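What follows is one structure encoded as structure tokens, with my remarks underneath.
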Amino acid sequence: MKGLKKTCGCGELRAKDVGKEVTLMGWAHRVRDHGGLIFVDVRDRTGIVQAVCDPQKSPSAYEVMKDWRSEFVVALRGKVERRPPGTENPNLPTGEVEVIVEYAETLNPSLPPPFPIRDGIEVEEITRLKYRYIDLRRPKMVRNTYYRYKFTKAVRDFMEKEGFWEIETPILIKSTPEGARDFLVPSRLVPGSFYALPQSPQLLKQILMVSGVERYFQIARCFRDEDLRADRQPEFTQIDIEMSFVDRDDVMDLTERMLRYSFKEAFGIELDVPFPRISYYEAMERFGTDKPDMSFDMELKDVTDILSGSSFRVFADAVRDGKCIKAIKVPQSFTITRQMVDRLTDMAKEEGAKGLAVIPLGEEKSSYVAKFLTREELNNLAQRLSAERGDVLLLVADEWEIACSALGRIRLFLAGEMALRRKGFHLLWVTDFPLFKYNREEKRIEPSHHPFSAPLDEDIPLLDSDPLKVRGKVYDVILNGNEIGGGSIRIHNSELQAKVFKIIGIDEKMAEERFGFLLRAFQYGAPPHGGIALGLDRIVALALGEESIREVIAFPKTQTGSCPLTEAPSPVDEIQLKELHLKIE
RNA sequence: GGGGUCGUGGCGCAGUCCGGCUAGCGCGCUUGCCUGUCAAGCAAGAGGCCGCGGGUUCAAGUCCCGUCGACCCCGCCA
């Protein structure tokens, strides 16, 4: 490319550029050779523009261009001209103009691409990942890559303005057995010892608070060795934030403004702030989940009181055993078939419910359940759910959490079936999570968030009497039913921390082994602090309307954690293992 | 660890239920023709371990067993 300099992006040319002499460099997107006249769509990350070569006017350029094939890397110089009337292409942003080629050069040939570089094609994901460099040339992937960068940049700009410092924390850290499974890295210098890759910079950012940083953030890579999903990769990126001398409202307010700014800046999307805030209890009561999808209604109602004296055994027994009865209404516009009832019942059972009661209002005789209910009970139910003749009520009688989540699951499913979801970005905070949960299998109390989250002040007395009732200064931020972030105010008082450790079965010795460095730090003047971590991949995927975070990660891994492009993971040399003092079974 | 869907030229698919001649279609690819196309057109052509291994059978893309891989989900993800 002797002396040639690219002067503009292919997709940038418009009618106003007519008359300009330009040099384009990019990929031959499509070549249409008419024997005497060649059209080449030249593509780069800005888009596509049509170049035309007339052999009569530029015979030497013609000789070069007639050999061009898909994805050849090309350079050409020429004049931007308005297309002849009737040949404009309204499907192309550059469709009013074309470049009349005067000089052409092949910078590099290319094999035919394994799949077309076009949106809307269906190619096996493994093929896309194996040839990810080809896949990333597709317009949608160019867009996703760009917007992810814009979003990250906006976050950094915002945090800078708010007085936060971006600080890197180590990737090789100490393994702590809580939470997810760690990725381990063997130490060569200390035989038999291992580093872990961070599941999040949690402990280090708290230590930065002790060190007086006051306002920290990081676009942090995190690692969890757990099974993958559409929204879960073994390595993913968090917007990690920690602040000193703040309470919950400060963190939530900061987060709202950060999201509002960055969504506007990167995606042009306006978010309304503040986001609604509801407690965990209210979320479960009304939506049957701790991450409610607020893009549609169909709320759960408690009907325990109405059916407490029911002659239907299941209901009566449930109430007698201190359980509760929840209900949702399915409007008559949606027909529930026998098959549908079976599917819904299976869902309820998967959430631990014994069954699902179906009451078609107006057709009580056909319902096994409704036959047992009095006119008054039916009327009260209809009133509580604002239901009319023709609507169908679905009820679950069980322990509070099971009844709620069973109907919560059904609510989500029906929203899909009935196409209830409204467009837009529906955000909310869920707060006041229980600080602990009971693990039935292991018969022990564990932290529901992490062991450093502080309890609500008014619940501190419950730590001794009824720890499972203690609520934490914990908050999750939810976008259209997806958890996109969560955080808490941390414990900065050693006595309180010791008490919490005790409840979750961590004695002094274990605490010292696992978190000794943090506890020691806390003895040297730890400020009150709290923070939040947001899932960058999920946020960008949701903002761009992608189903999977793999669509917004340049080089993601398959469901078995492998990379078809580089073929990681792979076996290593015997010598490498030996140096690391490892033997493979 | 479990459930579901899938695997056939480079890509996307049909054929598999109900075994039977030369495995078919669209796109792409190669060659030729073609001066206003933009999913260019026309003509000719090349290209297949039907994921892999084993079995049943006169005969397997098709039936059986095993195995590998992809995607979705449950478990798991403080």
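When we follow the working numbering, the leftmost residue of the first sequence carries the number 958, and every step to the right adds one.
Even glycine gets a Cβ: it sits at the ideal position worked out from N, Cα and C.
Computed from a prediction, not measured in an experiment: that's the story for all the values here.
Coil, strand or helix - residue 1151 by DSSP: Within the first sequence, the letter at position 194 stands for residue 1151. Here residue 1151 sits in strand by DSSP.
Residues bridged to residue 1432 (per DSSP): Here residue 1432 refers to the residue found at position 475 when the first sequence is read from its first residue. Looking at the DSSP assignment, residue 1432 forms a beta bridge with 1388, 1444.
Per DSSP, cross-strand counterpart(s) of residue 1251: Locating residue 1251 in the first sequence gives position 294, counting from the first residue. Per DSSP, none; premise fails for residue 1251.
From 1397, 1310, 1475, 1243, residue whose alpha carbon lies closest to that of residue 1286: In the first sequence, the residue the question calls residue 1286 occupies position 329. Per the Cα distances, 1243.
Start and end residues, alpha helix (DSSP H) containing residue 1016: Your numbering for residue 1016 matches position 59 in the first sequence. Here the alpha helix (DSSP H) through residue 1016 covers 1016–1022.
Close beta carbons around residue 1362, own chain, < 6 Å, minus the five adjacent residues each side: By 1-based counting over the first sequence, the position of residue 1362 is 405. Excluding sequence neighbours, residue 1362 sits near 1245, 1308.
Inter-residue spacing [alpha-carbon to alpha-carbon] between residue 1056 and residue 1098: Taking the first residue of the first sequence as 1, we reach residue 1056 at position 99. Taking the first residue of the first sequence as 1, we reach residue 1098 at position 141. So the alpha carbons of these two residues sit roughly 26 Å apart.
Local Cβ density within 10 Å of residue 1241, reported as buried at 16 or more and exposed below that: Numbered from 1 along the first sequence, position 284 holds the residue referred to as residue 1241. Residue 1241 should be labelled buried.
Among 1438, 1028, 1116, the one whose alpha carbon lies nearest that of residue 1210: By one-based count along the first sequence, residue 1210 stands at place 253. Among 1438, 1028, 1116, the Cα nearest to that of residue 1210 is on 1116.
Any 3 or more C-beta pairs closer than 8 Å across the region 1419–1434 and the region 1381–1398: yes
Element boundaries [beta strand (DSSP E), containing residue 1304]: Reading the first sequence from its first residue, position 347 is the one you call residue 1304. That residue, residue 1304, is in no beta strand (DSSP E); its alpha helix (DSSP H) goes 1295–1307.
Inter-residue Cα distance where the pair is residue 1378 and residue 1279: Indexing the first sequence from 1 puts residue 1378 at position 421. Indexing the first sequence from 1 puts residue 1279 at position 322. Spanning the two alpha carbons is a distance of roughly 34 Å.
Per-residue DSSP class, three states only, for residue 961: To locate residue 961, count along the first sequence from 1; it is residue 4. In the structure shown, residue 961 sits in coil (DSSP, three-state: anything other than H, G, I, E or B).
Which listed residue (1332, 1030, 1083) has its alpha carbon closest to that of residue 1553: Only positions 958 to 1542 of the chain appear in this structure, which leaves residue 1553 out of reach.
For residue 1514, the three-state DSSP class (helix, strand or coil): Working through the first sequence from its first residue, we reach residue 1514 at position 557. Coil.
Residue nearest to residue 1065 in terms of C-alpha spacing, selected from 1296, 1031, 1095: For the purposes of this step, residue 1065 is taken as the residue at position 108 of the first sequence. Checked all of 1296, 1031, 1095; the closest Cα to residue 1065 is 1031.
Through-space distance from residue 1419 to residue 1170, alpha-carbon basis: Along the first sequence, read from residue 1 onward, the residue named residue 1170 stands at position 213. Along the first sequence, read from residue 1 onward, the residue named residue 1419 stands at position 462. The alpha-carbon atoms of residue 1170 and residue 1419 are separated by roughly 33 Å.
Burial state of residue 991 (16 or more Cβ within 10 Å): In the first sequence, counting from the first residue as 1, residue 991 sits at position 34. With fewer than 16 Cβ atoms within 10 Å of its Cβ, residue 991 is classed as exposed.
Identified DSSP bridge partners for residue 982: Residue numbering aside, residue 982 sits at position 25 when the first sequence is read from its first letter. Answer by DSSP bridge pairing, in chain order: 1032.
Cβ shell of residue 1010 (< 6 Å), same chain only, five flanking positions each side left out: Numbered from its first residue, the first sequence carries residue 1010 at position 53. Cβ within range, chain order: 995, 1018, 1019, 1022, 1058.
Residue 1277 versus residue 1337 - alpha carbon distance: Taking the first sequence and counting its residues from 1, the one referred to as residue 1277 is at position 320. Taking the first sequence and counting its residues from 1, the one referred to as residue 1337 is at position 380. So the two alpha carbons sit approximately 20 Å from each other.
Inter-residue CB distance, residue 1313 and residue 1301 (contact presumed, cutoff 8 Å): Looking up residue 1313 in the first sequence gives position 356. Looking up residue 1301 in the first sequence gives position 344. Between residue 1301 and residue 1313 the Cβ distance is about 6 Å, and since that is below 8 Å, they are a contact.
Burial state of residue 1154 (16 or more Cβ within 10 Å): By one-based count along the first sequence, residue 1154 stands at place 197. With 16 or more other Cβ atoms within 10 Å, it is buried.
Inter-residue spacing [alpha-carbon to alpha-carbon] between residue 974 and residue 1053: Numbered from its first residue, the first sequence carries residue 974 at position 17. Numbered from its first residue, the first sequence carries residue 1053 at position 96. Rounded to the nearest angstrom, the two C-alpha atoms are 10 Å apart.
Whole-number beta carbon distance between residue 1284 and residue 1258, since they are thought to touch under 8 Å: Taking the first residue of the first sequence as position 1, residue 1258 is located at position 301. Taking the first residue of the first sequence as position 1, residue 1284 is located at position 327. About 5 Å separates the two Cβ atoms, so the contact holds.
C-alpha gap between residue 1159 and residue 1192, whole angstroms: By 1-based counting over the first sequence, the position of residue 1159 is 202. By 1-based counting over the first sequence, the position of residue 1192 is 235. Roughly 16 Å between the two C-alpha positions.
Residues sharing a beta bridge with residue 1200, DSSP: Position 243 of the first sequence, counting from 1, holds the residue named residue 1200. Answer is 1172, 1487.
Neighbour-count burial assignment, residue 1445, 16 or more Cβ in a 10 Å radius: For the purposes of this step, residue 1445 is taken as residue 488 along the first sequence, with counting starting at 1. With 16 or more other Cβ atoms within 10 Å, it is buried.
Cβ pair residue 987, residue 998 closer than 8 Å: One-based indexing of the first sequence puts residue 987 at position 30. One-based indexing of the first sequence puts residue 998 at position 41. Closer than 8 Å, so yes.
Element boundaries [beta strand (DSSP E), containing residue 1396]: In the first sequence, the residue the question calls residue 1396 occupies position 439. Element bounds for residue 1396: 1393–1396.
C-beta atoms of residue 981 and residue 1033 nearer than 8 Å: For the purposes of this step, residue 981 is identified with residue 24 of the first sequence, where counting begins at 1. For the purposes of this step, residue 1033 is identified with residue 76 of the first sequence, where counting begins at 1. Contact: yes.
Among 965, 1110, 984, nearest to residue 978 - alpha-carbon criterion: As a first step, residue 978 is located in the first sequence; it is residue number 21 there, counting from the start. The residue with the shortest Cα to Cα distance from residue 978 is 965.
Residue 1561 versus residue 1520 - alpha carbon distance: The structure shown does not extend to residue 1561, since the chain is modelled only from 958 to 1542, so the question has no answer here.
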